[in-house]
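Asks:
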Amino acid sequence: MSSERNKHGVTFADRALLVSLVLLTAYCFVFTKKAMPQGSEVKIEVSGTLLYTLPLSHDRTVTVQGPMGATIVEIHAGKVRVKASPCHNRICVHQGWIDSGAVVCLPNRVLVTITTPGRQGEFDGITG
Amino acid sequence: MKIVIYRALVLILLLCYSSCTHGGEKVFKKSRLAMDTVVTLTVVSSAEQDAEAAINKAFAEIDRLSKLLDHFSKDSEVTLINRSAGLKPVSVSKETFEVIGKALYVSEKTFGAFDITVGPLMDLWDFREESLPDSAVLKEKLSLVGYRGIILNAAKRTVLLKRKGMAIDLGGIAKGYIADKVVEVLKSNGIKAGIAAMAGDIKAFGRRPDGKPWRIGIKNPRPAGKENGDDIIAAVDLTDTAISTAGDYERYFIKNNVRYHHILDPKTGYPANECRSVSIITADGVYTDGFDNGIFVLGPKRGREVLGKLGLDGIIVDSAGNITFTDAMKGKLELREK
Amino acid sequence: MESQDRYRIALLSAYALALNGFETLIPSPIPWLKPGLANIVTLVTLHLYGFRAALTVTLIRTLLGSLFLGTFLGPAFFLSMGGGIAGTLAMGLITALFPRLFSPLGVSLIGAFFHNMGQLFLAYLLFIQRIEAVLVVMPILATTGILTGAVNGVAGRYLIEAIESREGMSPPSSGGDILHS
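Chain order of the listed sequences is R, W and V.
Numbering (this note's numbering) for the first sequence: 11 to 138.
Numbering (this note's numbering) for the second sequence: 107 to 444.
Numbering (this note's numbering) for the third sequence: 49 to 229.
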């Protein structure tokens, strides 16, 4: 009885195989996580500090405080804009809605950037 | 037998690992406010930590260089040079010396159309308050403009402005220079491909992970509607090249139907008006930055002559909106007309 | 002899089909990627009766299974066919090359691995050309592959031992009775 029971017992090769498969699987998890492009996000930075990272897909309004006062950032329908800002020229407000690139309010030190997955943005840079 | 198999397994796993990570090259982008504008660094790397480390080193270098070259800052070397105008030569770092030297080269080649000594003139214009300078004061200040008034001593590495009241402004060349330096920092930190974009002064090196060159768009000087954030008039494919654009739409105001913008003709003190935008393409950012202003001031005809003589490539949008470009750009440029 | 083998194959196929049907009752986020419990039968068949028998059982199971479930010639059919063949081939190959290296557990792990990879590969080729979908699914498949491979392997081992002790057979190392009769 006992000799038959161990005839098909777990061999060294079985163990080695199991270990390699587990390692391979673990590696697949890591690799997949890295290779996947991330969804579009909005990053809001004030004076160089990142305050918010928000998904473009979720409508919301955010107010940030800069040296000059409050800048209101609005996310709606997959786009983002600076709604109001205490700066003199309001260039940031006039830029309107963007779904790629960035809007910046230099006087109030506010930077709103969109991180797009590499494939979507056609241009890697804009000059002019 | 068992050991052989074990070793073979390890080998196979290692092979898989190495081939897998090579395919995992990604593009990382990071933007920050620096030098009074938005700086975006794009980096190709297979590991996020490597990309971040290189990017941080690059931003540190940008901070270091802008401290030397920024004439708005109270303790920059440029401010020191300006304060000692007509008094004594100022000892400077090799970077500042290098930038000024290259600026003088651009001045010579553009017959003075690009001139960093326009400091006194720039002070007279305020694009925020939308004020025009007094013409009498302007004429007076013109006498202080002239790149030949900059005396460089290579042996001692000093800079002297000959006359009191002279002032240099490196705004028209510093960003391109810094873009070059940033790329050097990225390369020495193991990055093989990427883009350093100091606002519109861009230097691209290497290629995208898919093997294609980097695609750079040139802004339309007169975009049509408010829906499109960036209207692009042309797309250029670049690898290991820099591009800069001088445009009359970056800082300006319109008064009495006349557009006053920040690219001044050093000979008149008023904005040059033969072009709407000029984009220059060549290997070094310091030259694309300096020459784009110079060619802008020279205008389309003389500008193209200079480009031809120097072997530089460029795209010129004249004051009527006509687009011309150097012959070498024919295959590499994709024009987009509405 | 032949009729007895045919009888065996038919019986085994029936068991495999039963397991297959049972499997469809299990809820899964990815409907057409099934763990392959019927592979226990394939495993046991391979071990006791050789490669040809195992392959036959797999083919019968896949074909009839899809007919019974109404998925004949549908995507699920091709995928389970492809996966089944891949898995059986791999198991047969390893058993032929290295008969005593792996126990049923190891053979089953190999079978499950190739079964899943075969399905994934076919799915990519025929249906979803987007590499992102493959990448997302791969770790999950690899995990279920290990799990079902292990479960099948253990179940298979005890089944084999039970059958052997009952019939008093010593298992052929490769080829099996079917090829020689």
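Heads up, the beta-carbon is just placed ideally off N, CA and C, and yes, glycines get one too.
Every value quoted in this text rests on a predicted model; they were computed, and no experiment measured them.
Check T119 of chain V in the structure and name its three-state DSSP category.
Replies: For the purposes of this step, residue 119 of chain V is taken as residue 71 along the third sequence, with counting starting at 1. DSSP places T119 of chain V in coil when its eight states are reduced to three.
Asks: For the 8 Å Cβ check, are there 3 or more pairs between the segment 132-139 of chain V and the segment 149-167 of chain V?
Replies: Flag = yes, the segment 132-139 of chain V and the segment 149-167 of chain V touch.
Asks: Whose C-beta lies closer than 8 Å to the C-beta of F116 of chain V among residues of the same chain, with five residues either side of it excluded?
Replies: The residue you call residue 116 of chain V lines up with position 68 of the third sequence. Within the same chain, F116 of chain V has close Cβ partners L65, G69.
Asks: For E100 of chain R, would you say it is in contact with chain W, using Cβ-to-Cβ distances shorter than 9 Å as the test?
Replies: Residue mapping note: residue 100 of chain R aligns to position 90 of the first sequence, counting from 1. Per the sequence shown, residue 100 of chain R should be read as Arg rather than Glu. No, because no Cβ of chain W sits closer than 9 Å to the Cβ of R100 of chain R.
Asks: Would you mind giving the Cβ-Cβ distance between G138 of chain R and T351 of chain W, rounded to the nearest angstrom? I have them listed as a contact below 8 Å.
Replies: Residue numbering aside, residue 138 of chain R sits at position 128 when the first sequence is read from its first letter. Residue numbering aside, residue 351 of chain W sits at position 245 when the second sequence is read from its first letter. So it is a contact: roughly 4 Å between Cβ atoms.
Asks: Evaluate the contact criterion for the segment 377-386 of chain W versus the segment 194-207 of chain W: three or more CB pairs, one atom per stretch, below 8 Å.
Replies: The segment 377-386 of chain W, when compared against the segment 194-207 of chain W, does not touch it at the 8 Å Cβ threshold.
Asks: Does G138 of chain R come within less than 9 Å of chain W when only Cβ atoms are used?
Replies: In the first sequence, the residue the question calls residue 138 of chain R occupies position 128. For G138 of chain R, the answer is yes, since a Cβ of chain W falls inside 9 Å of its Cβ.
Asks: For the pair the segment 224-236 of chain W and the segment 262-275 of chain W, tell me if three or more CB-CB distances fall below 8 Å.
Replies: Touching, per the Cβ criterion.
Asks: Does the CB of A112 of chain R have a neighbour CB from chain W at under 9 Å?
Replies: As a first step, residue 112 of chain R is located in the first sequence; it is residue number 102 there, counting from the start. A112 of chain R counts as touching chain W.
Asks: With a threshold of 7 Å on Cβ separation, who are the neighbours of G420 of chain W within its own chain once the five nearest residues in sequence on each side are excluded?
Replies: As a first step, residue 420 of chain W must be located in the second sequence, where it is residue number 314. So the list reads V384, S385, I386, I387, I401, L413, F431, T432, once near-sequence residues are dropped.
Asks: Using 8 Å as the threshold, is the segment 308-317 of chain W in touch with the segment 283-294 of chain W, meaning 3 or more CB pairs across them?
Replies: Touching, per the Cβ criterion.
Asks: Between F233 of chain W and R357 of chain W, which are expected to be in contact by the criterion C-beta below 8 Å, what is the C-beta distance as a whole number of angstroms?
Replies: As a first step, residue 233 of chain W is located in the second sequence; it is residue number 127 there, counting from the start. As a first step, residue 357 of chain W is located in the second sequence; it is residue number 251 there, counting from the start. Contact holds; Cβ gap of about 5 Å.
Asks: From which residue to which residue does the alpha helix (DSSP H) around V89 of chain V run?
Replies: What you label residue 89 of chain V is simply residue 41 of the third sequence in a count that begins at 1. Per DSSP, V89 of chain V belongs to the alpha helix (DSSP H) from 87-97.
Asks: Helix, strand or coil: which one does DSSP assign to N295 of chain W?
Replies: Here residue 295 of chain W refers to the residue found at position 189 of the second sequence. Note: N295 of chain W maps to coil in three-state DSSP.
Asks: Where does M228 of chain W sit, in a helix, a strand or coil, going by DSSP?
Replies: Counting from one through the second sequence, the residue named residue 228 of chain W turns up at place 122. M228 of chain W: helix per DSSP, three-state reduction.
Asks: With a 10 Å radius around its C-beta and 16 neighbouring C-beta atoms as the bar for buried, classify Q48 of chain R as buried or exposed.
Replies: Residue mapping note: residue 48 of chain R aligns to position 38 of the first sequence, counting from 1. For Q48 of chain R, the pLDDT reaches just 48, beneath the cut-off of 50, and the residue's location in the model is therefore unreliable, although a value from the coordinates is still provided. Flag for Q48 of chain R reads exposed.
Asks: So H163 of chain V is in the alpha helix (DSSP H); what residue range does that whole segment cover?
Replies: Along the third sequence, read from residue 1 onward, the residue named residue 163 of chain V stands at position 115. Note, H163 of chain V: alpha helix (DSSP H), 152-174.
Asks: Under 9 Å, do E440 of chain W and G405 of chain W count as touching if we go by C-beta distance?
Replies: On the second sequence, residue 440 of chain W is found 334 positions in, with the first residue counted as 1. On the second sequence, residue 405 of chain W is found 299 positions in, with the first residue counted as 1. No, the pair does not count as a contact, with Cβ atoms beyond the cut-off.
Asks: Contact criterion: CB-CB distance below 9 Å. Does I208 of chain V meet it with respect to chain R?
Replies: Taking the third sequence and counting its residues from 1, one reaches residue 208 of chain V at position 160. True, the Cβ-Cβ gap to chain R drops below 9 Å.
Asks: In chain order, which continuous runs of the beta strand (DSSP E) of length 3 or greater are located wholly inside the segment 142-221 of chain W?
Replies: The segment 142-221 of chain W contains these whole beta strand (DSSP E) runs: 143-151.
Asks: Excluding sequence positions up to five away, which residues of its chain have a Cβ less than 8 Å from the Cβ of F133 of chain R?
Replies: Position 123 of the first sequence, counting from 1, holds the residue named residue 133 of chain R. Nothing listed; no residue qualifies.
Asks: With DSSP as the reference, label G335 of chain W as helix, strand or coil.
Replies: As a working mapping, residue 335 of chain W is identified with position 229 in the second sequence. Its pLDDT being 42, under 50, G335 of chain W is placed unreliably by the model, and the measurement read from it follows with that caveat. Note: G335 of chain W maps to coil in three-state DSSP.
Asks: Whole-angstrom Cβ separation of Y366 of chain W and L238 of chain W, contact assumed at under 8 Å?
Replies: Along the second sequence, one-based indexing puts residue 366 of chain W at 260. Along the second sequence, one-based indexing puts residue 238 of chain W at 132. Indeed they touch by this definition, with Cβ atoms about 7 Å apart.
Asks: With a 10 Å radius around its C-beta and 16 neighbouring C-beta atoms as the bar for buried, classify N188 of chain W as buried or exposed.
Replies: Residue 188 of chain W sits at position 82 when you count from the first residue of the second sequence. Counting Cβ neighbours within 10 Å, N188 of chain W comes out buried, since at least 16 surround it.
Asks: In this structure, what does DSSP give as the bridge partners for Q75 of chain R?
Replies: Numbered from its first residue, the first sequence carries residue 75 of chain R at position 65. According to DSSP, Q75 of chain R bridges with R:A80.
Asks: Should the segment 94-111 of chain R be regarded as contacting the segment 66-80 of chain R, the criterion being three or more beta carbon pairs within less than 8 Å?
Replies: Flag = yes, the segment 94-111 of chain R and the segment 66-80 of chain R touch.
Asks: Name the residue from V:E212, V:G122, V:P123, V:G131 whose alpha carbon lies nearest to the alpha carbon of L103 of chain V.
Replies: Counted from its first residue, the third sequence places residue 103 of chain V at position 55. Checking every option, the nearest Cα to that of L103 of chain V belongs to V:G131.
Asks: Taking DSSP as the reference, what is the three-state secondary structure of N68 of chain V?
Replies: As a first step, residue 68 of chain V must be located in the third sequence, where it is residue number 20. Three-state result, N68 of chain V: helix.
Asks: Over what stretch of residues does the beta strand (DSSP E) that includes F146 of chain V continue unbroken?
Replies: For this step, residue 146 of chain V is matched to residue 98 along the third sequence. That residue, F146 of chain V, is in no beta strand (DSSP E); it is neither H nor E in DSSP.
Asks: So, is the C-beta of G135 of chain R closer than 9 Å to a C-beta in chain W?
Replies: Counting from 1 along the first sequence, the entry for residue 135 of chain R is found at position 125. Judged by the 9 Å Cβ criterion, G135 of chain R is in contact with chain W.
Asks: Measuring alpha carbon to alpha carbon, tell me which residue in W:D316, W:G252, W:A348, W:V224 is nearest K481 of chain W.
Replies: No statement about residue 481 of chain W is possible, as the shown extent of chain W runs from 107 to 444 and does not include it.
Asks: So, helix, strand or coil for C38 of chain R, using DSSP?
Replies: Reading the first sequence from its first residue, position 28 is the one you call residue 38 of chain R. Here C38 of chain R sits in helix by DSSP.
Asks: Grouping DSSP H, G and I as helix and E and B as strand, with all else coil, what is V251 of chain W?
Replies: Translated into positions along the second sequence, residue 251 of chain W becomes position 145. Looking at V251 of chain W - three-state DSSP - the assignment turns out to be coil, as it is neither helix nor strand.
Asks: Using only CA atoms, which one of V:S151, V:G140, V:G118, V:G122 lies nearest to F99 of chain V?
Replies: Translated into positions along the third sequence, residue 99 of chain V becomes position 51. Selected option, being the one with the closest Cα: V:G140.
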